[in-house]
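For the sequence shown, the working numbering gives the first residue as 8, with consecutive numbering after it. Report on one structure; see the data block that follows.
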Amino acid sequence: MSNDDLTHENFDFRGFDVPDLKAVTLASSSDGEQSKQPKTKHEDASRNRRHGKKKSKSDARSKKRAGAGKTSESFDDYEDYEEREAVSKADKKASKDRPGLFAPMTLREVTVRNRIWLPPMCTYSSFARDGRPTPFHYQHYVSRAFGGFGMVIVESTAVAPEGRITPCDLGLWEDGQIDAWRWIVDGIREAGAVPAIQLNHAGRKASTGCFAVGYDGQSVPEEAGGWPTMAPSEIAFGGLRTPRALSVDEIHGLVGAFAAAAGRAVAAGFQAIQIHAAHGYLISQFLDPLSNERDDEYGGDLTGRSRFLVEVVDAVRGAVPEGVPVLVRISATDWAAGGWDLDQTIALSKVLKEHGVDVMDVSTGGIMSGVSIPVKPNYQVPFSEQVKAKADIPVTAVGLITKPKQAAKILAHGEADAVEIGRAALRDPYWPLRAANKLGIPSTEIPYAPQYVAGAY
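Laid out in structure tokens, this is it:
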């Protein structure tokens, strides 16, 4: 099994090690769920014989004594059972009241037709290295919109040329790039989905290779089109080149770059903006104490380390119309001792809500190299659940969500307000249409384009 098989839908593992594969738990079946078959009496008996277990008369007598009479302990057990049953019934009732996968969701003045969203996934396909999208991007995103996704979030788009992850990243760092986006945005909207875009600066993880450039997992040399990188502090990520520390004036300039890119995105027709503050890119680098050793106003305690993100949120919020939702993607933990964690994520999410953020897109990891991540289906869902419950803000969940019932349960249990289907969507652009059929939803209630009704499940 390759490391690529171990990654979830929007996690950039280039230069990121998973050293202990024994700590990585994956489902045994191809679609991410373990098969659970009940044991037969014969199997249980065989198992007992293998372990030398025999049913003795003393065991039978002990069992009889344990069942005789009603002790205070047994009454306690009964009361615990009643309490559990009450909680279970309350949860089932709450599940019925919660929106399903195909319920619409309104954010400010934008209504998304369902709760199945396409997360931003890098394709590194701006081959001219000018940040402009191509016919590939039209095909890629519009096909998923026709496939029934509610929101289509376009991949990491750089707010500055030096903020690209690779030389082939998309960009919105200049006005000349706006027109190249319009036909894609129009296509997404005409297919019924909400077009959103993720704005990003890669910081110390910029100028790395990809399939189109070479140097995969390495820093691209300047003679091959690479460039010097920047970060909060002069701390390299893994084996990548060491960045230089940003000055305060440069930080202020980058805040403006995010705002300007957001304005261009709205001009191109995007209906929602996502700020990338996860996976070890620049904003994430400021948040994490393991990558931010600054002693000025942009370092130190949580308030200092989160200042850059809060300023970016305020600037973006001020650059787009009031009715445009702003989302923030966050890594809830970096899976490293002494680093960014869930408690800080919850505290930050409360602040961001006050500053006009509408949704927290909760992921994990990517900040530190060489850590082990317990990858398995739903492994990140508990983080979104905690942020939703404790920060009282809408959240999306990601992380090896591959099956319709699996996704539906996440919403029914109140663990998220929407789910993001990434790698499964790369395999199947029409995942939402298939999911609706699997869940027994009538074809008349499924978001089929008129051209595809004849092929409905």
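In this text, a Cβ means the ideal position worked out from N, Cα and C, and glycines have one as well. Every value quoted in this text rests on a predicted model; they were computed, and no experiment measured them.
Contact between alanine 404 and valine 382 is absent: CB atoms are separated by about 15 angstroms, not below the 8 angstroms threshold. Look at tyrosine 222 here: in three-state DSSP terms it is strand. Leucine 179 is positioned such that its CB atom lies closer than 9 angstroms to that of alanine 275. DSSP lists no beta-bridge partner residue for cysteine 175. Excluding the 5 residues flanking it on each side, alanine 414 has same chain C-beta neighbours closer than 8 angstroms at Leu108, Ile123, Ile408, Val426, Ile428, Ala442, in chain order. Isoleucine 380 and aspartate 295 have their C-alpha atoms some 17 angstroms from each other.
For the alpha helix (DSSP H) assignment, the uninterrupted runs of no fewer than 4 residues enclosed by the stretch 110-196 are, from N- to C-terminal side, 142-153. Ranked by how close their Cα comes to the Cα of leucine 316, the residues Glu300, Ser132, Asp303, Arg336 have Arg336 in first place. Isoleucine 380 carries a coil assignment under DSSP once its states are collapsed to helix, strand and coil. With a cutoff of 9 angstroms on beta-carbon distance, tyrosine 145 and glycine 224 are scored as not near each other.
Just so you know, the alpha carbons of aspartate 256 and alanine 266 end up roughly 16 angstroms apart.
Excluding the 5 residues flanking it on each side, valine 323 has same chain C-beta neighbours closer than 8 angstroms at Leu206, Phe265, Ala266, Ala269, Ile280, Ile282, Val333, in chain order. Rounded to whole angstroms, the Cβ separation of arginine 120 and proline 111 is 6 angstroms, and the two are in contact under 8 angstroms. For proline 202, the beta-bridge partners assigned by DSSP are Val159. Boundaries of the alpha helix (DSSP H) harbouring leucine 433: 430-434, taken from the DSSP string. Membership of threonine 215 in the beta strand (DSSP E) is indicated by the continuous run 215-217. Membership of glutamate 452 in any alpha helix (DSSP H) is not indicated, and neither H nor E is assigned to it by DSSP. Proximity to valine 159 across Val166, Gly462, Val117, Pro202 peaks at Pro202, based on C-alpha coordinates. A direct Cα-Cα distance of roughly 20 angstroms separates glycine 155 from alanine 419. In this structure, Ser133 is the residue among Gly232, Gly377, Ser133, Gly210 with its C-alpha nearest to the C-alpha of glutamine 184.
When the beta-carbon positions are compared, glycine 138 and aspartate 186 stay at least 9 angstroms from each other. Pairing alanine 167 with serine 291, the inter-Cα distance amounts to about 17 angstroms. For aspartate 321, there is no enclosing beta strand (DSSP E); the residue is found in the alpha helix (DSSP H) stretching over 314-326.
Assigned with DSSP and collapsed to three states, isoleucine 417 falls in helix.
One Cα belongs to threonine 215, the other to proline 457, and the distance between them is close to 43 angstroms.
In the DSSP annotation of this structure, the continuous segment of the alpha helix (DSSP H) that includes threonine 352 starts and ends at 349-361.
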